[in-house]
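Visitor: Counting in our numbering, the sequence shown runs without a single skipped number right up to 1480 at its last residue.
Think of the CB as a built atom: it goes at the ideal place given N, C-alpha and C, for glycine as much as any other residue.
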Amino acid sequence: MDLVLVHNDPTNTHLASNSGVQFKVNTPTNGPTTIVRNESGTGTTGSTSGRVDTLIGHLELRPTYDLRLQFCDIGSELILHPMVETDLDKPYKWQIFIRYPVFILNDNSNTLLARYRRAKLGIVSRSRKAFIEITPAGLGVVDLIVVTFVAFMKQRFTIESFTDPS
């Protein structure tokens, strides 16, 4: 499954898939980031009853440049340091592989769960929007992938903006 970023900013965008699952990432100026899953809801008779919004994540940058990450759908909270690792049921980790961030199962298997592909302008090759490619192994943890991806990219941009001398 591919989640296409409508806007090229991972911290303030919509993510959409062909299956109808959509995510909205909203980062107001000087405020916490919220991540909302938007799905088509079904009524008791099986007919669609519109869209259902579910808050799945909340990110807040702390003065120490750590991120406070709250998973709203499972009620868990993490403080993330510059390397985004989770200590939930299994050890997951975002890391840079060659030029692209990848989300892996951080055990002996190093199973690839998701990969971020940057947008291409189309000068040399065909243009494309940025997207998160979710492998079949990662389909069960899509919410976790999206929330931790936004945290990873937000933390990465924050660290780069504070270390850039210009």
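#1: Would you tell me roughly how many angstroms separate the C-alpha atoms of residue 1434 and residue 1322, rounded to the nearest one?
#2: CB residue 1448 to CB residue 1428, shorter than 7 Å?
#3: Distance check for residue 1365 and residue 1329, CA to CA, integer angstroms please.
#4: Beta-carbon within less than 7 Å of residue 1280's beta-carbon, same chain only, minus the 5 sequence neighbours each way: which residues are those?
#5: Got a sec, what are the start and stop residues for the beta strand (DSSP E) residue 1405 sits in?
#6: Is it buried or exposed, residue 1324, if we count other Cβ atoms within 10 angstroms and call 16 or more buried?
#7: Excluding the 5 residues preceding and the 5 following residue 1331 in the sequence, name in chain order all residues of the same chain whose CB lies nearer than 8 Å to its CB.
#8: Compute the Euclidean distance between the alpha carbons of residue 1467 and residue 1347, then round it to the nearest angstrom.
#9: Between residue 1459 and chain B, is any beta-carbon pair separated by less than 7 Å?
#10: Going by the beta-carbon positions, is the gap between residue 1334 and residue 1349 smaller than 7 Å?
#11: Looking only at its chain, what residues have a beta carbon closer than 6 Å to the beta carbon of residue 1369, apart from the 5 residues adjacent to it on each side?
#12: Determine the burial state of residue 1342: buried for a count of at least 16 other Cβ atoms within 10 Å of its Cβ, exposed for fewer.
#13: Note down, in chain order, each residue of its chain lying with its Cβ closer than 6 Å to the Cβ of residue 1469, except the 5 sequence neighbours on either side.
#14: Please state whether the Cβ-Cβ distance between residue 1460 and residue 1337 is less than 7 Å.
#15: Tell me the DSSP bridge mates of residue 1320?
Guide: With the structure as the only source:
#1: What you label residue 1434 is simply residue 120 of the sequence shown in a count that begins at 1. What you label residue 1322 is simply residue 8 of the sequence shown in a count that begins at 1. Straight-line measurement puts the Cα of residue 1322 at about 11 Å from the Cα of residue 1434.
#2: Locating residue 1448 in the sequence shown gives position 134, where the first residue counts as 1. Locating residue 1428 in the sequence shown gives position 114, where the first residue counts as 1. Yes, these two residues count as a Cβ contact at 7 Å.
#3: Walking along the sequence shown from the start, residue 1329 turns up at place 15. Walking along the sequence shown from the start, residue 1365 turns up at place 51. The alpha-carbon atoms of residue 1329 and residue 1365 are separated by roughly 15 Å.
#4: Outside the displayed span of the chain (1315 to 1480) sits residue 1280, for which this structure offers no information.
#5: Position 91 of the sequence shown, counted from the start, is the residue given in the question as residue 1405. In the DSSP assignment, residue 1405 falls within the beta strand (DSSP E) that extends over 1405-1411.
#6: Along the sequence shown, one-based indexing puts residue 1324 at 10. Answer is buried; the Cβ neighbour count reaches 16.
#7: Residue mapping note: residue 1331 aligns to position 17 of the sequence shown, counting from 1. Same-chain partners within the cutoff: 1315, 1316, 1317, 1318.
#8: For the purposes of this step, residue 1467 is identified with residue 153 of the sequence shown, where counting begins at 1. For the purposes of this step, residue 1347 is identified with residue 33 of the sequence shown, where counting begins at 1. One C-alpha to the other measures close to 12 Å.
#9: In the structure shown, chain B does not exist; there is a single protein chain.
#10: Locating residue 1334 in the sequence shown gives position 20, counting from the first residue. Locating residue 1349 in the sequence shown gives position 35, counting from the first residue. A distance of 7 Å or more separates the beta carbons of residue 1334 and residue 1349.
#11: Counting from one through the sequence shown, the residue named residue 1369 turns up at place 55. Taking residue 1369 as the centre and dropping the five residues before and after it, the same chain places the C-beta of 1350, 1386 closer than 6 Å to its C-beta, in chain order.
#12: As a first step, residue 1342 is located in the sequence shown; it is residue number 28 there, counting from the start. That one is exposed.
#13: Translated into the one-based positions of the sequence shown, residue 1469 becomes position 155. So the list reads 1381, once near-sequence residues are dropped.
#14: By one-based count along the sequence shown, residue 1460 stands at place 146. By one-based count along the sequence shown, residue 1337 stands at place 23. Their beta carbons are under 7 Å apart, which means residue 1460 touches residue 1337 by this criterion.
#15: Sequence index remark: in the sequence shown, residue 1320 carries index 6 (1-based). Residue 1320 pairs with nothing; no bridge assigned.
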